[in-house]
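S.K.: Numbering-wise, the sequence shown is residues 1052 to 1638 according to our numbering.
Glycine is no exception: its CB is placed at the ideal position from the N, C-alpha and C atoms.
Once you've had a glance at the structure underneath, I'll fire off some questions.
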Amino acid sequence: MVRVAVIKKEKCNSEKCNWLCFNLCPINRTGKECITKQEDKKPQIDEKLCTGCGICPKRCPFEAISIVNLPEKLEQNPVIRYGYNTFELFSLPIPKHNNVVGILGRNGIGKSTALAILSNQIKPNFGDFKNQISEEKIVHSFAHSELGAYLKGLYNEEIKISYKPQRIELLPKFYKGKVKDLILKVDERNISEKLIKELQLDNVLNRNIDELSGGELQRLAILACLAKKAQFYFIDEPASFLDVTQRIKVARLIKELAKDTSVMVVEHDLATLDYISDELQIVYGVPAVYGIFSQSKSTRRGINEYLDGYLPDDNVRFRDYKIVFSETAFSKDVQKTIEYEYDDFDKEYDEFVLKVSRGKLHKGEVLAIMGANGLGKSTFLKILSGIEETTHGTIEKVKVSYKPQHIVAVDGTVEEFLIKTAGKEYESGWYKQNILEKLNIHTILNNEIKNLSGGELQKVCVAAALSTDAKLIALDEPSAFIDVEDRLKVAEVIKEFTVKKEVATIVVDHDVQFIDYIADSMLVFEGTPGKEGFVLSPLNKRKGMNKVLKILDITYRRDKENNRPRINKPGSQLDEMQREKGEYYYA
């Protein structure tokens, strides 16, 4: 039996626990050195001596240790490992000509690492992290598959690639100067004018790159990737920071690109991934421990197998539960007690005005908000929360628990932060079971907030917002940075909390499936981004989703196997039938 032992050093605090793992290890007690103390004051585990007894991962107060028995077929060297007791990746996805290959998997399971290898950012070491492996040996190791020919062409510079990284916030560190200068530099296909128009970057051409917002940086990074002349394009999480309209535009641009090239896309937004991909490869394993890529599948089959948690071709069950979309979640009409009402108001800035029509929020209701960026959705939440004042019209001041779009890590541990926000509620069994455990926050309670990943920080801030005693819960983009499985858990937790506590919840988000799962009623923001935004009174869910999808020019259906919302193929029989009826949302 081959074991992988991983120590998450950012979580480990050996001095605070007095080297508990070292002292409890049964092998250490016999006089052998299974767990040793290193100069960096972190432990190191000898995977050959480790018996997999489970004591150290169970007793570690910081959830810093993982010991996993690998499947028998993985009794082989990994493709890459960065050091002792670190993550291992055991296989790679295969690019396909004239296809968009979608990559689906949890955070921390090797998706970005695989793209970095295929784009020659890093090289495989087959577990030998102390020595540099020659390119000839790497190519020989993959000679039995299509990857051998691909890597040979890559290393011989016979293949040109274009890579859009996940960490687009780092772009200003590598490129200085104005947006238009960068575009001019990378435009090898002479399509910058078209891409600037499609990605709505006209108004930022003369701005410095370090002055751009997250959404603007993402669109610039996508433009820079698509404008290069290459045979293979690797695009890591293109939907992050983009509004729902921009996601569909980007998806269409990528599909058009793949007619003559090879494209590989990593994405957590299932609707976007489903729409954009010709086929799918799933990454499974244990986050931050090891990852394996499945065989290639059709997009529909791949997503459904991922939701099912079982891969028949690989004979692997990687999750002990199914992700199911309840049909009742799609059709609920709210007929409940009014919790809060607001009258007509507007908010004026120097170059932007927001106009809002009166509306009502009900107890036990989730009011979802959708619309393009720059139409005032976040401003609307801030006004209801008392952070900003109206220009004309007044609204009743009530206690609102508000999670902003841009969250900042504070000092202290997760537990200290949540105890402060939840008070006595933190000790209740319901809170621990339905919020901490369902969001998997109970495993990181002792971690410093400043050391959390983007997804972990997002879930902690959602939990904090649900911890405060308030009439209204206002959540701005709670699905950001979170993978598919956790997105649906977050949606479920928000929904259950809203009903159980009989509060009114408002959610702004750009993930159509997330909104589709969570919403009872909707506000649809319209207007001209950056100039004028307006919103009418809340609509019931069907009318709201129909309005959004009509703006996006797409139609939706439900998958027959699991009720998963899917975008119809443009021009298909079902797509045309729904358009004729004016039913863009589930005919």
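Using C-beta distances below 7 Å, list every residue in its chain close to Asp1325, excluding the 5 sequence neighbours before and after it, in chain order.
M.R.: Position 274 of the sequence shown, counted from the first residue, corresponds to residue 1325. Apart from sequence neighbours up to five positions away, the residues of its chain that approach Asp1325 with a beta-carbon distance below 7 Å are Thr1350, Ile1354, Arg1617, Ile1618, ordered along the chain.
S.K.: To the nearest angstrom, how far is it from the Cα of Arg1303 to the Cα of Leu1246?
M.R.: To locate residue 1303, count along the sequence shown from 1; it is residue 252. To locate residue 1246, count along the sequence shown from 1; it is residue 195. Near 12 Å, if we compare the C-alpha coordinates of Leu1246 and Arg1303.
S.K.: So, at 7 Å on beta carbons, what are the nonlocal neighbours of Cys1512 in its own chain, with the 5 sequence-adjacent residues on each side left out?
M.R.: For this step, residue 1512 is matched to residue 461 along the sequence shown. Result list for Cys1512: Lys1454, Ile1458, in chain order.
S.K.: Indicate the three-state DSSP secondary structure (helix, strand or coil) for His1457 in the structure shown.
M.R.: Position 406 of the sequence shown holds residue 1457. The answer is coil: DSSP assigns His1457 none of H, G, I, E or B.
S.K.: The beta strand (DSSP E) with Arg1617 in it runs from where to where?
M.R.: Reading the sequence shown from its first residue, position 566 is the one you call residue 1617. Note, Arg1617: beta strand (DSSP E), 1616-1618.
S.K.: Assign Leu1432 to buried or exposed, taking buried as 16 or more other Cβ atoms, counted over all protein chains shown, within 10 Å of its Cβ.
M.R.: Taking the sequence shown and counting its residues from 1, one reaches residue 1432 at position 381. It is buried - the Cβ of Leu1432 has at least 16 other Cβ atoms within 10 Å.
S.K.: Since Asp1287 is in the beta strand (DSSP E), which residue starts that stretch and which ends it?
M.R.: Indexing the sequence shown from 1 puts residue 1287 at position 236. Here the beta strand (DSSP E) through Asp1287 covers 1283-1287.
S.K.: Can you list, in chain order, the residues of its chain with a C-beta nearer than 7 Å to that of Asp1534? Leave out the 5 residues immediately preceding and following it.
M.R.: Within the sequence shown, numbered from 1, the residue matching residue 1534 stands at position 483. These residues qualify, in order along the chain: Arg1157, Asn1158, His1319, Gly1506.
S.K.: Measure the C-alpha to C-alpha separation of Val1554 and Phe1403 and round it to an integer number of angstroms.
M.R.: For the purposes of this step, residue 1554 is taken as the residue at position 503 of the sequence shown. For the purposes of this step, residue 1403 is taken as the residue at position 352 of the sequence shown. When rounded, the distance between both Cα atoms is 32 Å.
S.K.: Output the distance between the C-alpha atoms of Ile1557 and Ile1492, rounded to the nearest integer angstrom.
M.R.: Position 506 of the sequence shown, counting from 1, holds the residue named residue 1557. Position 441 of the sequence shown, counting from 1, holds the residue named residue 1492. Roughly 23 Å between the two C-alpha positions.
S.K.: Inspect the beta-carbon positions of Leu1140 and Thr1102 and report whether they are closer than 9 Å.
M.R.: By 1-based counting over the sequence shown, the position of residue 1140 is 89. By 1-based counting over the sequence shown, the position of residue 1102 is 51. For Leu1140 and Thr1102, no; Cβs fall outside 9 Å.
S.K.: Using 8 Å as the Cβ pair cut-off and three pairs as the minimum, do the region 1246-1265 and the region 1228-1237 touch?
M.R.: yes
S.K.: Using a Cβ-Cβ cutoff of less than 6 Å, which residues in the same chain neighbour Asp1610 once the five nearest sequence positions on both sides are dropped?
M.R.: Residue 1610 sits at position 559 when you count from the first residue of the sequence shown. The residues are Arg1617.
S.K.: Can you name the residues that DSSP bridges to Gln1095?
M.R.: Taking the sequence shown and counting its residues from 1, the one referred to as residue 1095 is at position 44. Thr1087.
S.K.: For Ile1470 and Leu1517, what's the separation of their Cα atoms in angstroms?
M.R.: Residue 1470 sits at position 419 when you count from the first residue of the sequence shown. Residue 1517 sits at position 466 when you count from the first residue of the sequence shown. Cα-Cα distance, rounded: 12 Å.
S.K.: Looking only at its own chain, which residues have a Cβ that is under 6 Å from the Cβ of Gln1346, when we skip the five neighbours before and after it?
M.R.: By 1-based counting over the sequence shown, the position of residue 1346 is 295. Around Gln1346: Asp1364.
S.K.: Just to confirm before moving on: does the CB-CB distance between Ala1420 and Met1596 stay below 9 Å?
M.R.: Walking along the sequence shown from the start, residue 1420 turns up at place 369. Walking along the sequence shown from the start, residue 1596 turns up at place 545. The question names Ala, but residue 1420 is Ile in the sequence shown. No.
S.K.: Would you check if there are 3 or more beta carbon pairs closer than 8 Å linking the region 1537-1550 to the region 1183-1203?
M.R.: These segments do not touch.
S.K.: Which residues in the same chain have their Cβ closer than 6 Å to the Cβ of Ala1281, if we skip the five residues on either side of it in sequence?
M.R.: In the sequence shown, residue 1281 corresponds to position 230, counting from 1. Excluding sequence neighbours, Ala1281 sits near Lys1211, Ile1212, Ser1213.
S.K.: Within the same chain, show all residues whose beta-carbon is closer than 6 Å to that of Lys1691, passing over the 5 residues directly before and after it, in chain order.
M.R.: The question about residue 1691 has no answer here: the residues shown for the chain are numbered 1052 through 1638.
S.K.: Is it buried or exposed, Ser1382, if we count other Cβ atoms within 10 angstroms and call 16 or more buried?
M.R.: Residue 1382 sits at position 331 when you count from the first residue of the sequence shown. Only weak support exists for where Ser1382 lies, its pLDDT of 45 falling under 50; the coordinates are left without a value.
S.K.: Just to check my reading of the structure: Leu1405 and Leu1523 have Cβ atoms closer than 8 Å, yes? What is that Cβ distance to the nearest angstrom?
M.R.: Position 354 of the sequence shown, counted from the start, is the residue given in the question as residue 1405. Position 472 of the sequence shown, counted from the start, is the residue given in the question as residue 1523. In fact, because the Cβ distance is near 18 Å, the residues do not count as touching under 8 Å.
S.K.: Could you have a look at Ala1194 and say whether DSSP puts it in helix, strand or coil?
M.R.: Mapped onto the sequence shown, residue 1194 falls at position 143. Here Ala1194 sits in coil by DSSP.
S.K.: With DSSP collapsed to three states, give me the class of Leu1625.
M.R.: Locating residue 1625 in the sequence shown gives position 574, where the first residue counts as 1. Residue state, collapsed to three classes: helix.
S.K.: Please determine if the region 1166-1177 and the region 1331-1346 are in contact, where contact requires at least 3 C-beta pairs separated by less than 8 Å.
M.R.: At 8 Å Cβ cutoff, the stretches do not touch.
S.K.: What does DSSP give as the partner residues of Lys1551 in its beta bridges?
M.R.: On the sequence shown, residue 1551 is found 500 positions in, with the first residue counted as 1. Lys1551 is not bridged to any residue.
S.K.: In whole angstroms, what is the alpha-carbon distance linking Lys1337 and Ile1160?
M.R.: The residue given as residue 1337 occupies position 286 in the sequence shown. The residue given as residue 1160 occupies position 109 in the sequence shown. First, the amino acid is wrong: residue 1337 is Val here, not Lys. Approximately 7 Å between the Cα atoms of the pair.
S.K.: With a floor of 4 residues, list each alpha helix (DSSP H) that falls wholly inside the region 1296-1358, ordered by position along the chain.
M.R.: The region 1296-1358 contains these whole alpha helix (DSSP H) runs: 1321-1327.
S.K.: Could you tell me the distance, in whole angstroms, from the CA atom of Glu1114 to the CA atom of Lys1059?
M.R.: Locating residue 1114 in the sequence shown gives position 63, counting from the first residue. Locating residue 1059 in the sequence shown gives position 8, counting from the first residue. Cα to Cα, the separation comes out at about 8 Å.
S.K.: Which residue comes first and which comes last in the alpha helix (DSSP H) that contains Gly1265?
M.R.: For the purposes of this step, residue 1265 is taken as the residue at position 214 of the sequence shown. Gly1265 -> alpha helix (DSSP H) spans 1265-1278.
S.K.: Measure how close the beta-carbons of Asn1120 and Arg1054 come, nearest whole angstrom, since I'm counting them as under 8 Å.
M.R.: On the sequence shown, position 69 is the one that residue 1120 refers to. On the sequence shown, position 3 is the one that residue 1054 refers to. Indeed they touch by this definition, with Cβ atoms about 6 Å apart.
S.K.: Relative to the alpha-carbon of Ile1545, which residue among His1561, Phe1532, Phe1565 has its alpha-carbon at the smallest distance?
M.R.: Working through the sequence shown from its first residue, we reach residue 1545 at position 494. Ranking His1561, Phe1532, Phe1565 by Cα distance to Ile1545 puts Phe1565 first.
S.K.: With a floor of 3 residues, list each beta strand (DSSP E) that falls wholly inside the region 1384-1439, ordered by position along the chain.
M.R.: Taking only runs of at least 3 residues, the beta strand (DSSP E) segments lying wholly in the region 1384-1439 are 1389-1393, 1396-1399, 1404-1407, 1410-1413, 1416-1421.
S.K.: Express the C-alpha separation of Asn1207 and Leu1308 in angstroms, rounding to a whole number.
M.R.: Residue numbering aside, residue 1308 sits at position 257 when the sequence shown is read from its first letter. Residue numbering aside, residue 1207 sits at position 156 when the sequence shown is read from its first letter. Note on geometry: alpha-carbon atoms of Leu1308 and Asn1207 lie some 24 Å from one another.
S.K.: For the beta strand (DSSP E) containing Lys1215, name the first residue and the last one.
M.R.: As a working mapping, residue 1215 is identified with position 164 in the sequence shown. Element bounds for Lys1215: 1212-1215.
S.K.: Just mark Pro1289 as buried or exposed, buried being the case when its beta carbon has 16 or more other beta carbons within 10 Å.
M.R.: Against the sequence shown, residue 1289 aligns to sequence position 238. Per the 10 Å Cβ criterion, buried.
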